[in-house]
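Its first residue numbered 107, the sequence shown is counted upward by one per residue in the working numbering.
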Amino acid sequence: MRKLFQLMTLLLFCTLIAQNKAVAEKIQQSHKNNQKFEKFELFGLNISKTQSQDYTKSAKDVSVLNLNHQQLNELISKKPRNLELTIPYNGTEVTVELIKQEIFTEDFVAKNEKGNIISYQPGVYYQGIVKGNNTSLAGFSFFENDVIGIVSSINLGNLTVGKSKDKRDFLAYSDKNILGSNPFVCGVDEIPENRQTPSFQLEMLSKAEMTEKCVRIYYEIANAPFLENGSSETETMNWITAIHNNINTLYANDDIQISLSEVMIWTNDDPYDGDYSQNLYEFAETRTSFNGDLAHLVNYPSTTSVAFLNSLCGDYRYAYSGIDMYFEEFPTYSWTIMAMTHEMGHSMGSPHTHACAWNGDNTAIDGCGPAWGYSEGCDGPIPDEGGTIMSYCHGTWVGINFTQGFGPQPAALIRNTIEGKPCIGTDCTSSCPPTVQGISVQEITPDNYQITISDETSSAWAYRVYEFGTTPTDWVDTNSQTIMISGLNPNRYYQFELGNKCSNGLMGGTTSATLLIGNFCGQNFVDTGGDSGNYQDYQTIIKTFYPAVASEKVKLTFSQFDLESDYDFMYIYNGNSVNAPLFANGNNLSGNNIPGPFTSTAEDGSITVRFISDGGVTSQGWVAAIECTQLSVEDNDNISGVEIYPNPTSSVLNIDAKKEIISVKLNDVSGKSVLIKKSNAVKEKLNIKHLPKGVYILTVEMKGQTVTKKIIKN
């Protein structure tokens, strides 16, 4: 039945996508509205140069063009809504119909590395199709003395129009006929943060509709592309905005909104001199704030390109492209556009099409990756009409054809990902960058938690708590950096999620923690997958086990233990927090060797467990018995040596000891000392009325003995 449903879903979606795609639909709507497409004769054929071996040795189909500067100036001056343009190419003519586009946000700005504003007059930007061919795609950008464009169709491939490297001639050629190889390689599978590959569910397929949300793009141009553009800020801006116009066209054709919010150009040496992964991490560490939702570093020459997977609204919303600007004299705009669009597709949630992640059954869409010699992914068919943006088909004979776009499944996954991100606005201007640096989780009692927010920027947050595996609850607003969680059902896992709130109503990226509620004496402690399933990726679990009776202590005995070796870890502490001492054999537990058992010697008889998993691979997890047993006579003597009361307290804390007290110290949950007092008596009083409500750790030092105790200030 499930296979039948999958087949019917795919057939339905194939029917839907057989209709005109977004850009062709715009052209058709303009014709239906009887809008005029003004004709411009920008190019004529230079026959003698077209036959020159200077060019034909590198691309067998090249046409050398003469630019009509008067027509170009008229086009730039008039900025017509619709235009028609003809390009002489390979013994024929290619006519395109284009519609003017706005590719910038309202607050767009261009700067250099010193923060100085670049005075830039943008070009005029268009997208469209080959006249009469609704399956084609085109994007053109017009500047003073320059034109940059791409025309794509099944027959043409990706036809590039632009200046030769020496700037003397305009060339038109198809990248499928160039006598060089596209050097693009993607390193997304080599980044540790990307070890979790999203799986596509067929239920995501629906009638394609433009995303309501709009991803704002920040480009940082390294020094090398600036030098390659004649050390000119204007030429560099023309180049990157033309590239972005075509990237924008590809996303728009699959109903995905993006907009250019800022460009920063390194006019002097930049810090990005490492390999691709070093440059990506250096970029993320250097550019901690930027005007946009996704930051993209562009460098030259071509190296492996890379991005953090599904990273919008998080700490890793960065991509890096090492691009190739020329092959011999030929501008390789289509190679640059493909590489940059591909990497941002990863940032927006899509894995490679040869990943074992698609079709609802974790198989591949195509087999171009394995066919090109890459071992990751699954085997699959080779698409005769060219690969899609997220494929490796540029390494095979079919190449990548921009008319194929992202393909139905990657496009749907990207749309679903963007629409689900709380920090992305709908107006291509607003956003809400994440500011939460982290959260600390402290278990007060078996069914009460205190969450402390670390955030030096925001003053408003929203959070939600819901039972693991159930539908998330509504968000709750708060202005307090301390959140108390109570009233949850015992012996169950809960998910806690939190994000900062912005004045525009959007919410920054979320930080999460997994809570385990209840007293487990006489019961089993198991992972979130239960007795038979696996735990999940990106989990952080902190649980303190207390004895049910004050005179008892906790014993933790594992019967099953299986964590992803060297990537997922458990830590076991002899006390009531992660500030307590680690058991000697309870540090960095990983793999499948059963540890322990562990018996508490802490003053309150407690044990704390911390578990952390990364993304990518999970395992069976653990099963551990929790026993609460009677303390020995020696342990009872230790506990009765100091009496601390009342606890909880709102003001005065009394300390009665059988030995002389040397000092008392009170720390908050972060380990910071908030009160220290010297003594030489057996009784002391601490006034903590001035301290904020919360949990504190009291350390009483006596002759030959030190006792710690958790204190609750209410």
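The beta-carbon is built from N, C-alpha and C at its ideal position, and this holds for glycine as well.
Within this structure, are the beta carbons of residue i and residue j separated by less than 9 Å?
i, j, result
"residue 408", "residue 430", "yes"
"residue 497", "residue 460", "yes"
"residue 353", "residue 446", "yes"
"residue 801", "residue 817", "yes"
"residue 819", "residue 735", "no"
"residue 621", "residue 652", "no"
"residue 571", "residue 591", "yes"
"residue 527", "residue 568", "no"
"residue 729", "residue 630", "yes"
"residue 174", "residue 147", "yes"
"residue 523", "residue 440", "no"
"residue 362", "residue 517", "yes"
"residue 386", "residue 404", "no"
"residue 234", "residue 203", "yes"
"residue 207", "residue 355", "yes"
"residue 691", "residue 704", "yes"
"residue 466", "residue 332", "no"
"residue 230", "residue 182", "yes"
"residue 444", "residue 495", "yes"
"residue 339", "residue 224", "yes"
"residue 471", "residue 543", "no"
"residue 641", "residue 717", "yes"
"residue 697", "residue 672", "yes"
"residue 531", "residue 360", "no"
"residue 189", "residue 232", "yes"
List the endpoints of the continuous alpha helix (DSSP H) containing residue i.
i, result
"residue 522", "514 to 525"
"residue 243", "Here residue 243 belongs to no alpha helix (DSSP H); instead the beta strand (DSSP E) covers 243 to 249."
"residue 382", "382 to 392"
"residue 339", "339 to 359"
"residue 534", "Neither: residue 534 is in no alpha helix (DSSP H) and is coded neither H nor E."
"residue 334", "329 to 334"
Name, in chain order, the residues that DSSP records as bridge partners for residue i.
i, result
"residue 567", "584 and 606"
"residue 238", "The partner list for residue 238 (beta bridge, DSSP) is empty, contrary to what the question assumes."
"residue 613", "607"
"residue 292", "411"
"residue 308", "Answer is none; residue 308 lacks a bridge partner."
"residue 714", "650 and 679"
"residue 366", "210 and 323"
"residue 755", "819"
"residue 767", "808"
"residue 779", "773"
If you follow the beta strand (DSSP E) that residue i is in, where does it begin and where does it stop?
i, result
"residue 679", "675 to 679"
"residue 169", "169 to 173"
"residue 734", "727 to 736"
"residue 256", "252 to 259"
"residue 815", "811 to 819"
"residue 402", "400 to 405"
"residue 549", "544 to 551"
"residue 560", "554 to 560"
"residue 594", "No beta strand (DSSP E) holds residue 594; DSSP gives it neither H nor E."
"residue 790", "789 to 793"
How would you call residue i, buried or exposed, if buried means at least 16 neighbouring beta carbons within 10 angstroms?
i, result
"residue 644", "exposed"
"residue 426", "buried"
"residue 458", "buried"
"residue 268", "buried"
"residue 317", "buried"
"residue 521", "buried"
"residue 477", "buried"
"residue 347", "buried"
"residue 345", "buried"
"residue 505", "buried"
"residue 500", "buried"
"residue 628", "exposed"
"residue 579", "exposed"
"residue 313", "Its pLDDT being 49, under 50, residue 313 is placed unreliably in this model, and the value from its coordinates should be taken loosely. Under this definition residue 313 is an exposed residue."
"residue 809", "exposed"
"residue 561", "buried"
Just checking: is the beta-carbon of residue i within a distance shorter than 9 Å of some beta-carbon in chain B?
i, result
"residue 288", "No chain B appears in this structure, which consists of one protein chain only."
Less than 8 Å between the CB of residue i and some heavy atom of the ligand ADP, yes or no?
i, result
"residue 635", "Although the ligand ADP was asked about, the structure shown includes no ligands whatsoever."
>> Threshold first: 4 residues or longer. Then list the alpha helix (DSSP H) segments lying entirely within the region 124 to 196, N to C.
In response: 128 to 138, 153 to 156, 159 to 162 and 175 to 184
>> Threshold first: 4 residues or longer. Then list the alpha helix (DSSP H) segments lying entirely within the region 426 to 506, N to C.
In response: 439 to 453 and 474 to 477
>> Restricting to runs no shorter than 4 residues, where is the alpha helix (DSSP H) found entirely within the region 259 to 283?
In response: none
> Which ranges would you report for the beta strand (DSSP E) in the region 623 to 671 if only whole runs of at least 3 residues count?
Replying inline: 630 to 632, 646 to 651 and 658 to 668
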